[in-house]
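In the working numbering, the protein residues as written are 2 to 540. No residue lacks a Cβ here, since even glycine has one placed at the ideal position from N, Cα and C. Here the structure is a predicted model, which means the values were calculated and not measured. What follows is a short report on a single structure.
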Ligand code: NA7
């Protein structure tokens, strides 16, 4: 415990020093506020600090996975390729932190355990695992959409004789995989990246597949100085563009309709976007993919044919690795680099845990329900996250009259636009449920937009000499109603995945990310600000 941190008071405390938390610190400091960031890691970066597993990289292009508040900052970092890997992303965020001189205001290696609203003086009382007791008027949880790992998934994990590691807790010193027998459990975007990256290194790799994914080959050219000059010249265009598209990317649905295009035009469009090697096929081809089951099936079929070719039409592999039970794009679409071809290697085996589920982990490896034991030296848990709500419910957050966010959200997850929760004054959130987020939004776009809005409403309150901000119940109810209405017009809620919270036993079912479009969401936020925040009470 740092004795200086007993009873210390700030204007604002920010939880997390990832993409959002770093920017939030910068913005609030620019208002002249005293701000402390509490970060459990030993460095900045958030997602790009924690996810050190082999092959981790983002799949928004580097030219748009950016901060937009400074052209000079944009120009000062030269990405090496279109989709840089984790080490480069972590270096980039450290570069940003250095440029903005952020480190001095961040408390590293410290986790917020609890945050209690103190009605009497309108402040948050915050306690950390170091014993710090801090106070702040505003509490801004930049805790990440995908930061609460599902690490304790199987019975018997602690009995395993080898090394077991969740992808987002990959040791900094790395894991020696050479000539090892390795199990990867999970084939989401993470399991896919890990599988394709470690296969050439290990003696034997068993990939445990429960639900297969539609996956698209990533096109990842190197970026030269010339390329970056080109993107830098387009800085203003890109900055404006990303806030005005459906998913916060520079590409968008452009008015094309499946129903008016001819079959040849459809084929041409799908081929072109597939070959772009990005998420463009998903987020800029035909919007009917999300709403019309027949269109969804036709586009899914297009992708299945590609996947079959990549698997050399091997019937067993095709049966196990090509999805048929849900439509393309109703779960997060991963980009891959030779993932499917990995299964053609002699040292790689796909284990069907859809037909025969995993029973437990035993000292020798993975025990299946039919009694088979897969003996391995290392188990990689690519089992995902308690998305959206998990990072917040793992903190004891108490609002008015001692109400508990964890308890409330165990019944139903409700927020006002993912930015505030009724009953929790002066608590703001980014990357939280019911705002556009992960994959249905390029994260840097939506996080900056949310941080910007939060900063503006705080600035507005300060200018009005108000110190407490809270959405009304009606405001929140209306947002939840709208969110559900938009969701229910799509095929998304019909499919199980972390998008719907179904990957966490007992989690209430609701689409976590807002799917009404980043452009529309931003417009709504802009209008609220323009009209002095109707639905928000200032006291
Ligand atoms: P995901 O997408 O939630 O994937 C987790 C994977 O782990 C998925 O294939 C799961 O199968 C599998 N899983 C989880 N529990 C089990 C059990 N008990 N048995 C077998 N398989 C299991 O997490 P990721 O980390 O890949 O990606 C999360 C996001 O991070 C990603 O979408 C990007 O936006 C970045 P299931 O699908 O449940 O059958």
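Proximity to residue 355 across 345, 369, 220 peaks at 369, based on C-alpha coordinates. Residue 179 counts as exposed, since fewer than 16 other C-beta atoms from the protein chains shown sit within 10 angstroms of its C-beta. Straight-line measurement puts the Cα of residue 361 at about 8 Å from the Cα of residue 158. For residue 538, the enclosing beta strand (DSSP E) stretches over residues 537–539. The ligand NA7 has no heavy atom closer than 8 Å to the beta-carbon of residue 368.
Counting the other CB atoms within 10 Å of its CB gives residue 540 a total below 16, which places it among the exposed residues. By alpha-carbon distance to residue 445, the top candidate from 136, 31, 248, 55 is 248. In this model, residue 349 and residue 509 are separated by some 37 Å (Cα to Cα). Remark: three or more beta-carbon pairs, one from each stretch, lie closer than 8 Å, so the segment 183–195 and the segment 376–386 are flagged as touching. A direct Cα-Cα distance of roughly 9 Å separates residue 10 from residue 134. For residue 56, there is no enclosing alpha helix (DSSP H), since its DSSP letter is neither H nor E. For residue 477, the number of other beta carbons within 10 angstroms of its own is at least 16, and it is reported as buried. The C-beta of residue 260 has fewer than 16 other C-beta atoms within 10 Å across all chains shown, which makes the residue exposed.
The criterion of a C-beta distance shorter than 9 Å is satisfied by residue 144 and residue 393. Taking a contact to require three or more Cβ pairs closer than 8 Å, the segment 477–488 and the segment 196–211 do not qualify as touching. Residue 53 has its alpha-carbon roughly 7 Å from the corresponding atom of residue 168. With respect to the C-alpha of residue 428, the residue from 471, 451, 435, 403 having the closest C-alpha is 471. Residue 87 counts as buried, since at least 16 other C-beta atoms from the protein chains shown sit within 10 angstroms of its C-beta. Within the same chain, Cβ atoms closer than 8 Å to the Cβ of residue 114 are found at 128, 129, 130, 396, 397, the five residues on either side in sequence being excluded. When the Cα atoms are used, residue 463 and residue 484 turn out to be separated by approximately 30 Å. Assigned with DSSP and collapsed to three states, residue 64 falls in coil, not helix or strand. Residues 292 of the same chain have their beta carbon placed closer than 8 Å to that of residue 490, with the five preceding and five following residues left out of the count. For the 9 Å CB-CB criterion, residue 215 and residue 334 form a contact. Excluding the 5 residues flanking it on each side, residue 286 has same chain C-beta neighbours closer than 8 Å at 254, 257, 270, 271, 274, 300, in chain order. Residue 185 and residue 322 do not touch by the CB rule: their CB atoms are close to 13 Å apart, not below 8 Å. According to the DSSP assignment, residue 524 belongs to the alpha helix (DSSP H) that extends over 519–531.
Closer than 8 Å to some heavy atom of the ligand NA7: that does not describe the Cβ of residue 427. In the same chain as residue 219, and ignoring 5 residues on each side of it, the C-beta atoms closer than 8 Å to its own belong to 60, 84, 278, 279, 336, 337, 338, in chain order.
Not one heavy atom of the ligand NA7 falls within 8 Å of the beta-carbon of residue 61. Taking the C-beta atoms as reference points, residue 13 is found no nearer than 9 Å to residue 47. Judged by DSSP in its simplified three-state form, residue 78 adopts coil rather than helix or strand. Bounds of any beta strand (DSSP E) do not take in residue 341; it lies within the alpha helix (DSSP H) bounded by 340–343. Using a C-beta cut-off of 8 Å, the segment 449–468 makes contact with the segment 20–34, since at least three inter-stretch Cβ pairs fall below that distance. For residue 296, the uninterrupted alpha helix (DSSP H) run begins and ends at 294–311, by DSSP.
Relative to the ligand NA7, the beta carbon of residue 504 is positioned inside 8 Å of a heavy atom.
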